[in-house]
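Throughout the sequence shown, residue numbering follows this note's numbering, covering -6 to 109 in sequence.
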Amino acid sequence: MHPLVEGVRQDSLAELERTLTALAGEYAEALERGDRERARRARRLVLSSKEHTRLALRHPRLSQEKKAEKQEILLWLTVWLENPRIFRDWAALRKRLFRAPELADMPVEPSAFPSE
């Protein structure tokens, strides 16, 4: 599905990363072609997702586990909004540095880092 149609998926961090990476590519391509409206559409999708996540964090019955997950999602969305062009490398670094169970099984792009 096209990134501007699919939007931001928050089913899992893997889906979040996949859709944010696709939107970052869409955003970069739009800017490269001078299509500011398409770039704004990508950005608005992420902004909307961030607002939904903030609202979800206010739910009074949200468990600590879900709250932590939503806070992590909020961080990923914020990084994307601050600089979509570095998002893919940032996500790879985040997975490598913070081996939370839901992050540990996600593949890290080997091209994002030099050989160790």
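Glycine residues also receive a C-beta, built at the ideal position from the N, C-alpha and C atoms. All values reported here derive from a predicted model rather than from experimental measurement.
How would you call residue i, buried or exposed, if buried means at least 16 neighbouring beta carbons within 10 angstroms?
i	result
T12	buried
K88	buried
V39	buried
E75	exposed
E25	exposed
E19	buried
L90	exposed
Return the CA-CA distance between residue i and residue j, expressed in angstroms with no decimal places.
i	j	result
A32	F80	15 Å
K43	H52	15 Å
D4	A17	19 Å
V72	A7	16 Å
S56	E62	10 Å
E22	L50	32 Å
Pick from the options: whose alpha carbon is nearest that of residue i?
i	options	result
R2	W69, R78, R54, P77	W69
H(-5)	L90, R34, D4, R26	R34
K60	R47, V72, T71	R47
L67	G0, L(-3), L9	L9
R41	G0, K63, A85, L86	The sequence shown places Ser at residue 41, rather than the Arg named in the question. Residue G0 is the option with its Cα nearest to S41.
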